[in-house]
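Working notes, structure below.
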């Protein structure tokens, strides 16, 4: 059997994913699963870097796993697991913490963004060392490639730095991962502020579409999506709201942006938005039905995440044993 390149990625358990998560990442993951050896996890350990209600964390973790499978990830083809079920993530995270410098973590822009409104006395250490745990996630599986958006690129760079530092100090141990950039790199932006990425944490409820939104809600949010006063469907930077909607249309239908623009020549935004709502509904309805089925069959979900954790554990332990030996820990 040919050795496939390894891909690792994960999402935080924040409940049902947004259309942005689905089109920007998950749909691409599905395309990669037959060509690569893929490890996809629900990163529940990362989630507790900010306070979480335990019952919500448990519920949301299962929801994200159900979203993964409903969107088309095949548990027989990929390794699907929950991060906290593989203790090697925390164990390697500690070793890598001891090789990571305070100054380089302090330069992380996401850390600065997340903490600028907090008193320094109330910032959790886990939020500061988040990139180190992310490095452990990736390096444990000797990942060749990591699908990243622009906002995660800095975290991948520090992962590469940590891997090279360990290899230089202790001899070749980790693969140094590369970024996997999708050929279609268009990000899905907020429906209300197209300069920001679509996010469920947005204070404006019409800014994002959740995969589990009911069909009338999807139509309503599309109707209220920001466009401009021109009333002409065109794909350019001067019309960021319209451009974002065209990108959504394109990602779902695989039509080019030029084809979409041509088909709406002489038609206004109302027709375009109505049609886009139906395109989105056509895509998410079967996913919603599958999510609903999976969440009513939690025993099946448990089978999947238990099997995935066993597979992930076997690969992770192999790397961790090497690391422990090289840093000088005595074997059990």
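In the working numbering, the protein residues as written are 44 to 375. Virtual Cβ for every residue (Gly too), placed ideally from N, Cα, C. This one's a predicted model, so the numbers in the text were calculated from it and none came from an experiment.
Setting aside the 5 residues that flank it on each side, residue 190 is surrounded in the same chain by 52, 223, each with a C-beta closer than 6 Å to its C-beta; the list follows chain order. Between the stretch 319–335 and the stretch 83–93 there are fewer than three inter-stretch CB-CB distances shorter than 8 Å, so the stretches are not counted as touching. In the DSSP assignment, residue 50 falls within the unbroken beta strand (DSSP E) covering 49–54.
Counting C-beta pairs closer than 8 Å gives fewer than three between the stretch 99–111 and the stretch 132–149, which falls short of the contact rule.
Residue pairing by DSSP places residue 221 opposite 188 in a beta bridge.
It is roughly 20 Å from the alpha-carbon of residue 80 to the alpha-carbon of residue 113. Residue range 283–296 is occupied by the alpha helix (DSSP H) that includes residue 291. A Cβ-Cβ distance of about 6 Å is found for the pair residue 180 and residue 132, placing them in contact under the 8 Å criterion. With contacts defined as CB atoms closer than 7 Å, residue 320 and residue 265 qualify as a contacting pair.
For residue 138, the enclosing alpha helix (DSSP H) begins and ends at 131–140. Residue environment for residue 198: buried (at least 16 other C-beta atoms within 10 angstroms of its C-beta).
Annotated as distal: residue 178 and residue 152, with beta-carbon spacing of 7 Å or more.
Shortest Cα-Cα distance from residue 99 to any of 120, 294, 83, 56 involves 56. It is roughly 7 Å from the alpha-carbon of residue 286 to the alpha-carbon of residue 277. Taking 8 Å as the upper bound for CB-CB distance, residue 66 and residue 291 are in contact here, some 7 Å apart. A direct Cα-to-Cα measurement between residue 280 and residue 273 gives close to 14 Å.
By the Cβ neighbour-count rule, residue 256 is buried, with 16 or more other Cβ atoms within 10 Å of its own. In the DSSP annotation of this structure, the continuous segment of the alpha helix (DSSP H) that includes residue 301 starts and ends at 300–306.
The beta carbons of residue 69 and residue 85 sit about 12 Å from each other, so the pair does not count as a contact at 8 Å. For the set 115, 174, 268, 244, the Cα lying nearest the Cα of residue 72 is the one of 115.
The alpha-carbon of residue 340 is positioned some 14 Å away from that of residue 110. Counting the other CB atoms within 10 Å of its CB gives residue 211 a total below 16, which places it among the exposed residues.
Under the three-state reduction of DSSP, residue 123 is assigned to strand. Proximity to residue 89 across 169, 142, 130 peaks at 169, based on C-alpha coordinates.
CA-CA distance, residue 346 to residue 275, rounds to 51 Å.
The three-state secondary structure of residue 83, taken from DSSP, is strand. Exclusion of the five residues before and after residue 338 leaves 109 as the residues of its chain whose Cβ lies within less than 6 Å of its Cβ. DSSP places residue 155 inside the alpha helix (DSSP H), whose first and last residues are 152–158. By the neighbour-count criterion, in which 16 or more other beta carbons inside 10 Å mark a residue as buried, residue 173 falls on the buried side.
Scanning the stretch 69–118 from its first residue to its last, the whole beta strand (DSSP E) runs of 3-plus residues come out as 80–85. In this structure, residue 58 lies away from residue 241, with their beta-carbon atoms at least 7 Å apart.
No Cβ-Cβ contact shorter than 7 Å links residue 220 with residue 284. Here the alpha carbons of residue 313 and residue 343 stand approximately 43 Å from one another.
For the pair residue 186 and residue 366, the CB atoms are not nearer than the 7 Å cut-off. Classified as buried, residue 61 has 16 or more neighbouring CB atoms from the shown chains inside 10 Å of its CB.
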